[in-house]
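Using the numbering used here, you'd call the opening residue of the sequence shown number 218 and step up by one each time. In this text, a Cβ means the ideal position worked out from N, Cα and C, and glycines have one as well. Everything numeric in this text was worked out from a predicted model, so none of it was measured.
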Amino acid sequence: MRPIDLDGFAAKFAGDNDPWHTWTDPDEALKRAAILHGLGPGPIGRVLEMGAGNGSNSRSLAARALRLDATEATAEGTALVAHAIDRYAPRACASRLAVPAMPPRDDYDAIVIAELLYYLDPIRAMQPLARQSAELLRPGRTLVLAHHRITFYDFVQPAEGIHHRFLDATGVDWRVRTVRQTVRWQVLACTRL
């Protein structure tokens with residue numbers, strides 16, 4: 218099998234609005250709760266969600282944020298995210314953005330990156346995204362990373378160590394706290410020092 222690309226994601230979202238069962242799987246609900254716990258109590262000012270997929274995390278983030286910019290690289294996914302957060306408009310917005318393109322704002326109080334990093338080329342996409350994330354996040358604020366610990370057939374790079382490779386590539390110092398970890402996934406809350 219080959220790693221999945223944007224066309225592959227577009228086809229998945231066109232064929233099924235929940236191809237990974239992120240809306241219905243109890244394990245995904247547990248991960249979503251860990252992401253919210255990592256952010257801390259709301260309301261949180263400006264929140265950036267990178268690689269929002271079908272919006273299953275976006276709806277919960279929108280409820281906690283004063284302003285949510287949920288970004289997704291495919292048109293099909295962006296439409297699903299927009300539908301998921303439509304009741305929170307205009308303070309929650311879905312936009313099409315393929316990382317590491319610049320998001321809608323210059324600075325954020327929190328950034329959430331879930332189930333994205335291992336789909337990115339480590340040099341051409343992940344490293345620039347890491348540096349960009351450090352620049353966009355205000356000092357003392359939180360970056361939440363949530364990814365599988367198991368490498369799947371369609372990943373571009375291995376899951377093991379993905380969070381630490383990303384944080385190392387930011388070029389800044391972080392205080393890192395494990396919010397929750399299972400055999401399958403890990404959620405980290407990282408505070409920029």
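Exposure label - TYR370; buried when at least 16 CB within 10 Å: Counted from its first residue, the sequence shown places residue 370 at position 153. Within a 10 Å sphere around the beta-carbon of TYR370 sit fewer than 16 other beta-carbons, which makes this residue exposed.
Assigned secondary structure, THR291 (DSSP; H/G/I helix, E/B strand, else coil): The residue labelled residue 291 in the question sits at position 74 within the sequence shown. Three-state result, THR291: coil.
Straight-line gap, ALA351 to ASP326 (C-alpha atoms, nearest Å): In the sequence shown, counting from the first residue as 1, residue 351 sits at position 134. In the sequence shown, counting from the first residue as 1, residue 326 sits at position 109. Between ALA351 and ASP326, the C-alpha separation is close to 11 Å.
CB of ARG276 within 8 Å of CB of ALA301, strictly: In the sequence shown, the residue the question calls residue 276 occupies position 59. In the sequence shown, the residue the question calls residue 301 occupies position 84. Yes, they are a contact pair.
LEU253 - containing beta strand (DSSP E), residue span: Residue 253 sits at position 36 when you count from the first residue of the sequence shown. Taken as a continuous stretch (DSSP letters only), LEU253 belongs to no beta strand (DSSP E), being part of the alpha helix (DSSP H) at 243-256.
Own chain partners of ILE221 with C-beta closer than 7 Å, once the 5 adjacent residues on each side are dropped: Against the sequence shown, residue 221 aligns to sequence position 4. Excluding positions up to five away in sequence, the list reads TYR336 and ASP371.
Separation of ALA331 from VAL171, as counted between CA atoms: Residue coverage of the chain in this structure runs from 218 to 410, which leaves residue 171 outside it and unanswerable.
From LEU247, ASP244, GLY232 and LEU334, residue whose alpha carbon lies closest to that of GLY268: Position 51 of the sequence shown holds residue 268. Nearest of LEU247, ASP244, GLY232 and LEU334 to GLY268, Cα basis: LEU334.
Exposure of ASP233, with buried meaning 16 or more beta-carbon neighbours within 10 Å: Here residue 233 refers to the residue found at position 16 when the sequence shown is read from its first residue. Classification of ASP233: exposed, given that the 10 Å Cβ count is below 16.
DSSP state of ASP344 mapped onto helix, strand, coil: Walking along the sequence shown from the start, residue 344 turns up at place 127. Reading the sequence as shown, one finds Gln at residue 344 and not Asp. Here GLN344 sits in helix by DSSP.
Residue from ALA363, LEU346 and ARG355 with nearest C-alpha to ARG394: Numbered from 1 along the sequence shown, position 177 holds the residue referred to as residue 394. Nearest of ALA363, LEU346 and ARG355 to ARG394, Cα basis: ALA363.
Neighbourhood of ASP324 by C-beta distance below 8 Å, restricted to the same chain and skipping five residues each side: Locating residue 324 in the sequence shown gives position 107, where the first residue counts as 1. Here the set comprises ARG263, LEU353, LEU354 and ARG355.
Span of the alpha helix (DSSP H), counted from its first residue to its last, around HIS380: As a position in the sequence shown, residue 380 is number 163, starting the count at 1. Element bounds for HIS380: 379-387.
Bridge-paired residues (DSSP) for ARG313: For the purposes of this step, residue 313 is taken as residue 96 along the sequence shown, with counting starting at 1. Paired residue(s): GLU289.
Test: ALA282 CB closer than 8 Å to a CB of chain B: Of the protein chains in this structure there is only one, and it is not chain B.
Candidates ALA299, THR399 and GLY255, of which the one nearest ARG281 by Cα: Working through the sequence shown from its first residue, we reach residue 281 at position 64. Ranking the options by Cα distance to ARG281, first place goes to GLY255.
Check whether THR291 and PHE230 have beta carbons under 8 Å apart: As a position in the sequence shown, residue 291 is number 74, starting the count at 1. As a position in the sequence shown, residue 230 is number 13, starting the count at 1. Yes.
Contact set for ILE252: own chain, Cβ-Cβ below 7 Å, skip 5 residues either direction: Here residue 252 is taken as the residue at index 35 of the sequence shown, counted from 1. The residues are ASN274, VAL329, ALA331, VAL361, ALA363 and VAL404.
Candidates THR399, CYS407, ALA311 and ARG249, of which the one nearest HIS381 by Cα: Residue numbering aside, residue 381 sits at position 164 when the sequence shown is read from its first letter. Of THR399, CYS407, ALA311 and ARG249, the residue nearest in Cα terms is CYS407.
Alpha-carbon spacing of ASP303 relative to ALA309, whole angstroms: For this step, residue 303 is matched to residue 86 along the sequence shown. For this step, residue 309 is matched to residue 92 along the sequence shown. So the two alpha carbons sit approximately 8 Å from each other.
Spatial neighbours of VAL298 in its chain, beta-carbon cut-off 8 Å, leaving aside the 5 residues before and after: Along the sequence shown, read from residue 1 onward, the residue named residue 298 stands at position 81. Closer than 8 Å at Cβ, skipping near neighbours: ALA269, GLY270, ASN271, GLY272, SER275, ALA287, GLU289 and ALA311.
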